[in-house]
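**Q** Going down the list, the protein sequences come from chains A and B.
If you want this note's numbering, it's the position in the first sequence, counting the first as 1, plus 5.
If you want this note's numbering, it's the position in the second sequence, counting the first as 1, plus 5.
Next up is a structure, given as C-alpha cells.
2 protein chains.
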Amino acid sequence: MLTRFILIETSHAGNVGGAARALKVMGFDDLVLVKPRWANVLRREETIQRASGANDVLDKARIVETLDEALDGISHLCATAMTPRDFGPPTLAPRAHFSQLLGGGAASEEQGARPQGVGFLFGSERFGMKNEDVYRCHACLSIPTNPGFGSLNLAAAVQLIAYDWREALGSFPLAPATDEQAPADARSVSGMLDHLEQALVAVDFLDPAAPKKLMPRLNQLFNRADPTDEEIHILRGVAKAMLRTADKAKR
Amino acid sequence: MLTRFILIETSHAGNVGGAARALKVMGFDDLVLVKPRWANVLRREETIQRASGANDVLDKARIVETLDEALDGISHLCATAMTPRDFGPPTLAPRAHFSQLLGGGAASEEQGARPQGVGFLFGSERFGMKNEDVYRCHACLSIPTNPGFGSLNLAAAVQLIAYDWREALGSFPLAPATDEQAPADARSVSGMLDHLEQALVAVDFLDPAAPKKLMPRLNQLFNRADPTDEEIHILRGVAKAMLRTADKAKR
C-alpha cells in the first residue's frame, strides 16, 4: 500500500535524517517535506549523518511548499498530535486504528474498503501540528505516552508510527539463529536424570537412603529449561565424567 | 515491574540523551551504562540536549564497569541483537515475547510466574552485542526490520522496545479531544436527509420526477461519515438556508 510520511516545517536537519533512516529500516521510502526550515536540508551534513545509509530515501524525498502538494494518491490521512483538537478527527492509538483500517477491527466492514494510500503527517518540533492541518485528517494518532512527559522526539515518533504500520501490514520475518533446535522429548530428559542421579550418588551429594526431593526438583528445573537433544548429550557427558572421577577416587 | 535499560559501551553521547528521553516518554527511569566511551557522558552537552528535559533520568542513571554490576534485581534479561547467535537464547519478536512473558501467551503457564525484574541490554553502536553478553540472556529480542536495511539507531531501538514493553504492561491512556461526541441516531440522519432533499429540489439540483439514486447515495455517504448531533444541526442549517435562498430567487 502507498505509504507516505510527510514532515511539515521541520526545523532540525538531524530529524530529517533520522526520519529517513526510520522509514527505511521499516521498509518505507516515501518522504515528503513541506516547507522545511532549510531548503537544502536533504543535502546537509547532519541529515546525511543521521540517515546513516538511508541515502536512497533522501534522494527520493520531495520538498514542497504546501501540504496540498504532498497528498496525491493518499486517501487516508493521519495526523500525529499529542494534543487532540476540538472539532478535529477522532483521537486514536496507532495500533488500534491500524488494525481497524486494515480490516482487523469490528467496524471495518461498515467502513468499506482499505484505503488506496495512507499519509502520516508530523508537525514541527516546536509547535507540533497546526489546527488547520489536523482538520484535514481522517484520524488523529496519539502515541500513548507518560502523562507527565509526552515529549517524543520527531524522528522517534516517525520510528514508532513506521513500526506500528509495518507490523499492521505484516511484519518482516525474524532471522532465527541457525542452530535453533526442537526440545528433547520427556524420555530423553528422564534418561538423563537417571544418569545424573547415579552420578550425584557417586559424588556423595545424594544419599539414596534419604533422597529428599532432590530428583523431582531437578526434574522440574530441567522441564522449565526445555533442553535440546544436544544439551541432554552434554549433561549425560557431565554425569559420565562425574561417575568416572568417583570411580577413580575410590581406588 | 522493575524495568531497567542497560546500554553497553555506548559511544555517542547523543544516543545516551535520546535513550533517556525515550525511557521517560514511556514512563521508565532506570538507565544503567556499562563502560560508556565517555566517563562524563551523563553531563555532556549533547547528552543533555538530546535528553530534552529527561534530566531526572540522567541524574538517576548509573555508570558501572561490568555488566554484572547492572543486574541486581533483574530476573529476566533480554538481549537486543539484529544477528542471532548460535548457542544463544531463542530469537523472538518483542511483542510476541512480552505477551508471553506477562501471561498472554500459550506457554505462560508452563513458564511459571512473571519475572521480578526485566532488563533490556543494548550493545554498542558499532559492534552491537558481544556473544558473551548475549549468552547470559533469557531471550534475544530482534525488532523485525527491512531485510535489506536493518540499521536501527540505538536510541530508536530503545524507543521501540520501551514502547512495546509499555504497551504490554498496559498502555498509557489517550487524551481524547474534549468535544468527542456520540454519533447521531439513524432517525436524526433520516430527518436531515429529508430536509436536504427538499433543499436540493428547491435549488434545482434534484429533479423529483427523475431522482435517480441521489438520496440513497447521500444516505450512504452520511452513514459512513457517522455524523454527530451537532453536525446534523449544521447540515439542517445549510438545508434551511438553501430553501430560504431558493424562496427569495422565486420572488
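Note that the Cβ used here is the ideal one computed from N, Cα and C, for glycine as well.
Apart from the five residues on each side of it in sequence, which residues of its chain come closer than 8 angstroms, Cβ to Cβ, to Pro89 (chain A)?
**A** Within the first sequence, numbered from 1, the residue matching residue 89 (chain A) stands at position 84. Excluding positions up to five away in sequence, the list reads Thr96, Cys145, Ser147.
**Q** Go ahead and pull the three-state DSSP assignment for His238 (chain A).
**A** On the first sequence, residue 238 (chain A) is found 233 positions in, with the first residue counted as 1. If DSSP states are grouped into helix, strand and coil, His238 (chain A) belongs with the helices.
**Q** Counting only Cβ pairs nearer than 8 angstroms, list the residues of chain B close to Arg48 (chain A).
**A** If you number the first sequence from 1, residue 48 (chain A) lands on position 43. Going along chain B, no residue has its Cβ under 8 angstroms from Arg48 (chain A), so there is no contact; the nearest lies around 20 angstroms.
**Q** Using the beta-carbon count (16 or more within 10 Å), is Leu4 (chain B) buried or exposed?
**A** In the structure as shown, chain B begins at 6 and stops at 256. Residue 4 (chain B) is therefore absent and cannot be evaluated.
**Q** Using a Cβ-Cβ cut-off of less than 8 angstroms, give me the residues of the segment 164-180 of chain B that come near chain A, in sequence order.
**A** Listed in sequence order: Gln164, Leu165, Tyr168, Arg171, Glu172, Ser176, Phe177, Pro178, Leu179, Ala180.
**Q** Rounded to a whole number of angstroms, what is the C-alpha to C-alpha distance between Gly155 (chain B) and Val30 (chain A)?
**A** Position 150 of the second sequence, counted from the start, is the residue given in the question as residue 155 (chain B). Position 25 of the first sequence, counted from the start, is the residue given in the question as residue 30 (chain A). Approximately 5 angstroms between the Cα atoms of the pair.
**Q** Considering only the beta carbon of each residue, do Arg48 (chain B) and Thr15 (chain B) sit closer than 8 angstroms?
**A** Reading the second sequence from its first residue, position 43 is the one you call residue 48 (chain B). Reading the second sequence from its first residue, position 10 is the one you call residue 15 (chain B). Not a contact, by the Cβ cut-off of 8 angstroms.
**Q** Does the beta carbon of Ala98 (chain A) come closer than 8 angstroms to any beta carbon on chain B?
**A** Sequence index remark: in the first sequence, residue 98 (chain A) carries index 93 (1-based). It does: the Cβ of Ala98 (chain A) has a partner Cβ on chain B nearer than 8 angstroms.
**Q** Any idea which residues DSSP pairs Leu146 (chain B) with across the strands?
**A** Working through the second sequence from its first residue, we reach residue 146 (chain B) at position 141. B:Thr85, B:Leu97, per the DSSP bridge assignment.
**Q** Using the Cα positions of Ala251 (chain B) and Gly153 (chain A), report the straight-line distance between them to the nearest angstrom.
**A** On the second sequence, residue 251 (chain B) is found 246 positions in, with the first residue counted as 1. On the first sequence, residue 153 (chain A) is found 148 positions in, with the first residue counted as 1. Distance between the alpha carbons of Ala251 (chain B) and Gly153 (chain A) is about 55 angstroms.
**Q** So Ala84 (chain A) packs on Asp138 (chain A), CB below 8 angstroms; how close in whole Å?
**A** Indexing the first sequence from 1 puts residue 84 (chain A) at position 79. Indexing the first sequence from 1 puts residue 138 (chain A) at position 133. So it is a contact: roughly 7 angstroms between Cβ atoms.
**Q** Using a C-beta cutoff of 8 angstroms, does Arg241 (chain A) count as contacting chain B?
**A** Walking along the first sequence from the start, residue 241 (chain A) turns up at place 236. Taking Cβ atoms only, chain B never reaches closer than 8 angstroms to Arg241 (chain A), which makes this a no.
**Q** Ala59 (chain A) and Arg9 (chain A) look like a contact to me (Cβ under 8 angstroms); what is the Cβ gap, rounded to whole Å?
**A** As a working note, residue 59 (chain A) is residue 54 in the first sequence. As a working note, residue 9 (chain A) is residue 4 in the first sequence. Not confirmed; about 16 angstroms, so no contact.
**Q** Measure the alpha-carbon distance for Glu50 (chain A) versus Ser57 (chain A) and round it to whole angstroms.
**A** Taking the first sequence and counting its residues from 1, the one referred to as residue 50 (chain A) is at position 45. Taking the first sequence and counting its residues from 1, the one referred to as residue 57 (chain A) is at position 52. Between Glu50 (chain A) and Ser57 (chain A), the C-alpha separation is close to 11 angstroms.
**Q** Which residues, in chain order, does the segment 124-151 of chain A contribute to contact with chain B at a C-beta distance below 9 angstroms?
**A** Cβ contacts with chain B come from Cys145, Ser147, Ile148, Pro149, Thr150, Asn151.
**Q** With DSSP collapsed to three states, give me the class of Phe10 (chain A).
**A** Here residue 10 (chain A) is taken as the residue at index 5 of the first sequence, counted from 1. Strand.
**Q** Express the C-alpha separation of Pro94 (chain B) and Gly196 (chain A) in angstroms, rounding to a whole number.
**A** Translated into the one-based positions of the first sequence, residue 196 (chain A) becomes position 191. Translated into the one-based positions of the second sequence, residue 94 (chain B) becomes position 89. One C-alpha to the other measures close to 24 angstroms.
**Q** What residues in the segment 18-47 of chain A bring their beta carbon closer than 9 angstroms to a beta carbon of chain B?
**A** For the segment 18-47 of chain A, which is checked against every Cβ of chain B, the residues closer than 9 angstroms are Gly19, Gly23, Arg26, Ala27, Lys29, Val30, Met31, Gly32, Phe33.
**Q** Skipping 5 residues on each side, what residues in its chain have a beta carbon closer than 6 angstroms to that of Asp234 (chain B)?
**A** Walking along the second sequence from the start, residue 234 (chain B) turns up at place 229. Cβ within range, chain order: Ala189.
**Q** In its own chain, which residues sit with a C-beta less than 7 angstroms from the C-beta of Gly23 (chain A), not counting the 5 before and 5 after it?
**A** Locating residue 23 (chain A) in the first sequence gives position 18, counting from the first residue. So the list reads Arg55, Ala160, once near-sequence residues are dropped.
**Q** Touch check for the segment 173-182 of chain A and the segment 199-209 of chain A: three-plus C-beta pairs under 8 angstroms?
**A** Touching, no, given that fewer than three Cβ pairs across the two stretches are closer than 8 angstroms.
**Q** Residue range of the beta strand (DSSP E) that Arg67 (chain B) falls in?
**A** Here residue 67 (chain B) is taken as the residue at index 62 of the second sequence, counted from 1. Residues 67-69.
**Q** Give the interface partners of Leu157 (chain A) over in chain B, defined as CB-CB distance under 7 angstroms, in chain order.
**A** Walking along the first sequence from the start, residue 157 (chain A) turns up at place 152. Val30, listed in chain order.
**Q** Measure how close the beta-carbons of Ile166 (chain A) and Ala75 (chain A) come, nearest whole angstrom, since I'm counting them as under 8 angstroms.
**A** Residue 166 (chain A) sits at position 161 when you count from the first residue of the first sequence. Residue 75 (chain A) sits at position 70 when you count from the first residue of the first sequence. At roughly 16 angstroms, the Cβ-Cβ gap does not stay under 8 angstroms, so Ile166 (chain A) and Ala75 (chain A) are not in contact.
**Q** DSSP state of Val163 (chain A), grouped into three classes?
**A** Here residue 163 (chain A) refers to the residue found at position 158 when the first sequence is read from its first residue. Val163 (chain A) falls in the helix class under three-state DSSP.
**Q** By the DSSP assignment, the beta strand (DSSP E) with Phe127 (chain A) in it spans what residues?
**A** Within the first sequence, residue 127 (chain A) is the residue found at index 122, counting from 1. Start and end: 122-127.
**Q** According to DSSP, is Thr233 (chain A) part of a helix, a strand, or is it coil?
**A** As a first step, residue 233 (chain A) must be located in the first sequence, where it is residue number 228. The answer is strand: DSSP assigns Thr233 (chain A) an E or B state.
**Q** So Gly108 (chain B) and Ile79 (chain B) are in contact, right, with Cβ under 8 angstroms, and what is the actual spacing, rounded?
**A** Counting from one through the second sequence, the residue named residue 108 (chain B) turns up at place 103. Counting from one through the second sequence, the residue named residue 79 (chain B) turns up at place 74. About 19 angstroms separates the two Cβ atoms, so there is no contact after all.
**Q** Chain A partners of Ala59 (chain B), CB-CB under 9 angstroms?
**A** The sequence position of residue 59 (chain B) within the second sequence is 54, counting from 1. Simply Phe154, Ser156.
**Q** Would you kindly work out how many angstroms separate the C-alpha atoms of Val37 (chain A) and Val21 (chain A), rounded to a whole number?
**A** Start at 1 with the first residue of the first sequence, and residue 37 (chain A) comes out as number 32. Start at 1 with the first residue of the first sequence, and residue 21 (chain A) comes out as number 16. So the two alpha carbons sit approximately 10 angstroms from each other.
**Q** In the DSSP assignment, find the beta strand (DSSP E) that holds Val30 (chain A) and state where it starts and stops.
**A** The residue labelled residue 30 (chain A) in the question sits at position 25 within the first sequence. That residue, Val30 (chain A), is in no beta strand (DSSP E); its alpha helix (DSSP H) goes 18-30.
**Q** Can you tell me whether Ala246 (chain A) sits near the ligand ZN, meaning its C-beta is under 7 angstroms from at least one heavy atom of the ligand?
**A** As presented, the structure is devoid of all ligands, the ligand ZN included, so that no description of it is given.
**Q** Kindly indicate the opening and closing residues of the alpha helix (DSSP H) around Val139 (chain B).
**A** In the second sequence, counting from the first residue as 1, residue 139 (chain B) sits at position 134. From DSSP, the alpha helix (DSSP H) with Val139 (chain B) extends over 136-140.
**Q** What does a CB cutoff of less than 7 angstroms around Ser129 (chain A) pick up in its chain, not counting 5 residues either side in sequence?
**A** Counting from 1 along the first sequence, the entry for residue 129 (chain A) is found at position 124. So the list reads Ile13, Glu14, Thr15, Ser16, once near-sequence residues are dropped.
**Q** Within 10 Å of its beta-carbon, does Asn45 (chain A) have 16 or more other beta-carbons around it, so buried, or fewer, so exposed?
**A** Counted from its first residue, the first sequence places residue 45 (chain A) at position 40. Classification for Asn45 (chain A): exposed.
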